[in-house]
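For the record, the sequence lines run as chains A and B. Under this note's numbering, the residue at position 60 of the first sequence is numbered 60, and the numbers go up by one with no gaps. Under this note's numbering, the residue at position 44 of the second sequence is numbered 258, and the numbers go up by one with no gaps. Just so you know, even glycine gets a beta-carbon here, dropped at the ideal spot from N, CA and C.
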Amino acid sequence: MKKPQFLTAVLVIACIIGGAMVGLMVFRHQEIKPPAHPGIEGLLWPSPRSLMPFTVTDHHGRPFALEQLSGKWSLLFFGFTHCPDICPITLSVLRDFYGKLAGANAAGDVQIIFVTVDPARDTPEQVANYVRYFHEQFIGLTGTEEQIATLTGQLGVLSYKVDNNENYAVDHSASVFLISPAGAWVGIFSPPQQAEDIHARFNAIRKFIDSQNK
Amino acid sequence: MRRPAYYYCLSLLFASLLCMQMVRAEGDIRISNAWINEAPPGMKMMGGYLDVSNNTGNALVLIGASSPCFEQIEFHITEIKNGVSTMRKQDSVTIPAGAIFSFSPGHYHLMLINNTRDLGAGDKVPLTFKFAEGGPVQVDAEIRRGAPTAHQHH
């Protein structure tokens with residue numbers, strides 16, 4: 001008489017474990033599966049990386065940290081002020097992009113940030129003269145090489161000095177990096193950039209990320 | 215029939231004049247659309263752009279450029295490799311026969327180093343170009359506040 005009871009008990013336990021496993025699998029499946037990539041060029045999805053703390057110096061000589069990215073959409077470009085070609089081109093493109101936003105009265109929560117990869121020559125004053133030429137609202141960042149490395153390292157920005165004469169150049173990543181108001185690296189715009197393309201992609205990414213946060 | 219010595223001298227002179235004319239061939243090297251991107255205040259490097267038309271029938275080698283407005287002018291090329299922008303000095307630039315060679319934003323450019331006077335949009339800067347085959351060729355470049363979006367090299 002004990003045998004059927006035993007079998008029933010085993011069966012019940014097996015059902016409970018099996019059900020739990022199925023439930024867990026369904027639950028985990030739902031949890032892991034993110035919304036599909038919406039096909040927006042430049043969007044980093046499904047797992048945008050959150051930026052880690054960093055501290056550099058802005059063009060006023062004040063500290064600039066991760067907190068200064070909070071609550072705003074930030075577009076970052078890395079370059080150096082002794083660069084006569086690609087850096088002014090990209091900053092002019094960003095100026096045009098910013099103008100399109102300002103036209104729509106939406107520039108208030110967008111910041112354009114130039115980060116030097118040549119801190120030896122790019123003092124806060126030098127960077128201030130440089131970024132202000134393109135737009136009064138643009139932000140320029142410099143600091144020690146170690147400080148800048150805490151930012152470039154997270155974004156995979158490469159830079160290396162070429163030659164050793166006083167007019168040396170610095171090879172550097174030419175992409176524009178988009179950081180969300182939550183401090184997540186959500187987009188990258190690769191060269192060659194056009195203001196219209198950046199504008200369209202930025203708006204699409206912003207809409208998509210906002211829809212995910214609802 | 216024996217020709218007098220001066221005949222040969224004159225022929226030689228005439229031939230060499232003809233050769234010089236062919237080598238100089240300035241009329242067949244045309245430099246147009248020369249402009250310089252205005253730089254933010256205090257910046258020591260500016261980018262210059264132009265088109266060189268080579269109608270000489272032979273390849274031309276551009277070996278130097280100078281201006282009273284700059285201490286030094288170099289030829290550079292910007293290239294984007296795997297998202298990284300590189301800039302390399304070129305000692306010379308070869309312009310094939312019959313070609314129009316463009317120095318344009320994001321590609322070949324003049325690197326104008328250390329301006330000797332203040333330069334702003336609207337100013338004209340005289341540039342002198344030296345070719346291995348002859349020259350010099352002079353042109354005025356206008357300083358412009360660039361709108362490079364439309365010019366960017368792909």
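Is it buried or exposed, Asn296/B, if we count other Cβ atoms within 10 angstroms and call 16 or more buried? As a first step, residue 296/B is located in the second sequence; it is residue number 82 there, counting from the start. Looking at its Cβ environment, which holds fewer than 16 other Cβ atoms inside 10 Å, Asn296/B is exposed.
Interface partners of Asn247/B on chain A, CB under 8 Å: Counting from 1 along the second sequence, the entry for residue 247/B is found at position 33. None at all; the shortest Cβ gap to chain A is about 17 Å.
Under 8 Å from the C-beta of Ile327/B: neighbouring residues of chain A: As a first step, residue 327/B is located in the second sequence; it is residue number 113 there, counting from the start. Chain A residues near Ile327/B: Asn167.
Give me the Cα-Cα distance between Val157/A and Thr330/B, rounded to the nearest whole angstrom. Numbered from 1 along the first sequence, position 157 holds the residue referred to as residue 157/A. Numbered from 1 along the second sequence, position 116 holds the residue referred to as residue 330/B. Taking the straight line joining both Cα atoms gives about 35 Å.
Consult DSSP for Asn328/B and reduce its assignment to one of helix, strand or coil. Working through the second sequence from its first residue, we reach residue 328/B at position 114. DSSP places Asn328/B in strand when its eight states are reduced to three.
For Arg244/B, which residues of its own chain have a beta-carbon under 6 Å away from its beta-carbon, when the five flanking residues on both sides are left out? Taking the first residue of the second sequence as position 1, residue 244/B is located at position 30. If you ignore the 5 residues before and after Arg244/B, its C-beta comes within less than 6 Å of the C-beta of Ser267, all in its own chain and listed in chain order.
I'd like the span of the alpha helix (DSSP H) that includes Phe218/A, first residue to last. The first residue shown for chain A is 1 and the last is 214, placing residue 218/A beyond what the model contains.
First and last residue of the uninterrupted alpha helix (DSSP H) at Gln137/A: As a first step, residue 137/A is located in the first sequence; it is residue number 137 there, counting from the start. Note, Gln137/A: premise wrong, no alpha helix (DSSP H); not H, not E.
Let me know the secondary structure DSSP gives Val108/A once reduced to three states. As a first step, residue 108/A must be located in the first sequence, where it is residue number 108. The question names Val, but residue 108/A in the sequence shown is Gly. Taken through DSSP and simplified to helix, strand or coil, Gly108/A comes out as helix.
Does DSSP classify Glu356/B as helix, strand or coil? Position 142 of the second sequence holds residue 356/B. In the structure shown, Glu356/B sits in a strand (DSSP, three-state: E or B).
Could you tell me if the beta carbon of Arg95/A falls within a distance shorter than 7 Å of some heavy atom in the ligand FMN? The model on display carries no ligand, and the ligand FMN is accordingly not part of it.
With a cut-off of 8 Å, does the C-beta of Gly348/B fall near any C-beta of chain A? Here residue 348/B refers to the residue found at position 134 when the second sequence is read from its first residue. So no, Gly348/B is outside the interface.
Cβ of Pro84/A within 8 Å of any chain B Cβ: As a working note, residue 84/A is residue 84 in the first sequence. With 8 Å as the cut-off, Pro84/A counts as an interface residue toward chain B.
Beta-carbon proximity list for Asp109/A, same chain, < 8 Å, skipping 5 on both sides: In the first sequence, the residue the question calls residue 109/A occupies position 109. Cβ within range, chain order: Gly71, Lys72, Trp73 and Pro181.
Going straight from the alpha carbon of Phe315/B to that of Ile40/A, what length do you get? Here residue 315/B corresponds to residue number 101 of the second sequence, with the count starting at 1. Here residue 40/A corresponds to residue number 40 of the first sequence, with the count starting at 1. Going from the Cα of Phe315/B to the Cα of Ile40/A covers about 36 Å.
Which whole-angstrom value is the C-beta distance of Val127/A and Thr150/A, which I expect to be below 8 Å? Here residue 127/A refers to the residue found at position 127 of the first sequence. Here residue 150/A refers to the residue found at position 150 of the first sequence. Between Val127/A and Thr150/A a beta carbon distance of about 18 Å is seen, past the 8 Å cut, so the two are scored as non-contacting.
Is it a yes or a no for the segment 305–315 of chain B touching the segment 255–274 of chain B, going by three-plus beta-carbon pairs under 8 Å? Contact between the segment 305–315 of chain B and the segment 255–274 of chain B is present, because at least three Cβ pairs lie under 8 Å.
Can you grab the Cα-Cα spacing for the pair Thr116/A / Leu76/A, in whole Å? Reading the first sequence from its first residue, position 116 is the one you call residue 116/A. Reading the first sequence from its first residue, position 76 is the one you call residue 76/A. Roughly 10 Å between the two C-alpha positions.
Kindly list, in the order they appear in chain B, the residues whose Cβ is closer than 8 Å to that of Leu158/A. By one-based count along the first sequence, residue 158/A stands at place 158. What Leu158/A touches in chain B: Val298.
Apply the 10 Å Cβ neighbour rule to Phe134/A and answer buried if 16 or more other Cβ atoms are within range, or exposed otherwise. For the purposes of this step, residue 134/A is taken as residue 134 along the first sequence, with counting starting at 1. By the beta-carbon neighbour count (other beta carbons within 10 angstroms, threshold 16), Phe134/A is buried.
Which residue from His323/B, Ser306/B and Ile294/B puts its Cα closest to that of Met259/B? The sequence position of residue 259/B within the second sequence is 45, counting from 1. By alpha-carbon distance to Met259/B, the top candidate from His323/B, Ser306/B and Ile294/B is His323/B.
Quick one: using the 10 Å Cβ neighbour count with 16 as the cut-off for buried, is Gln235/B buried or exposed? Here residue 235/B is taken as the residue at index 21 of the second sequence, counted from 1. Any reading at Gln235/B must be qualified, since the residue scores a pLDDT of 39, below 50, and its modelled position is unreliable; the value itself is stated next. Exposed is the call here.
Between which two residues does the beta strand (DSSP E) harbouring Glu347/B extend? As a position in the second sequence, residue 347/B is number 133, starting the count at 1. The continuous stretches of beta strand (DSSP E) do not include Glu347/B, and DSSP gives it neither H nor E.
Examine chain B for any beta-carbon lying closer than 8 Å to the beta-carbon of Asp118/A, and answer yes or no. On the first sequence, residue 118/A is found 118 positions in, with the first residue counted as 1. No, Asp118/A lies away from the interface with chain B (no Cβ there is under 8 Å from its Cβ).
Quick one: list the residues of chain B neighbouring Thr81/A, beta-carbon separation under 7 Å, in chain order. On the first sequence, position 81 is the one that residue 81/A refers to. Identification of chain B residues near Thr81/A by a Cβ-Cβ cut-off of 7 Å yields Met257, ordered along the chain.
Below 8 Å on C-beta distance, what does Gly336/B contact in chain A? Here residue 336/B refers to the residue found at position 122 when the second sequence is read from its first residue. Correct list: empty, because the minimum Cβ distance to chain A is about 16 Å.
Proximity test, Cβ basis, 8 Å: Ile207/B and chain A: This structure leaves residue 207/B out entirely; chain B is present only between 215 and 368.
Checking 8 Å against the spacing of the C-beta atoms, do Gly360/B and Asp85/A come in under that value? Looking up residue 360/B in the second sequence gives position 146. Looking up residue 85/A in the first sequence gives position 85. The beta carbons of Gly360/B and Asp85/A sit no closer together than 8 Å.
My output table needs one value for Thr8/A: the three-state DSSP class, helix, strand or coil. Within the first sequence, the letter at position 8 stands for residue 8/A. Looking at Thr8/A - three-state DSSP - the assignment turns out to be helix.
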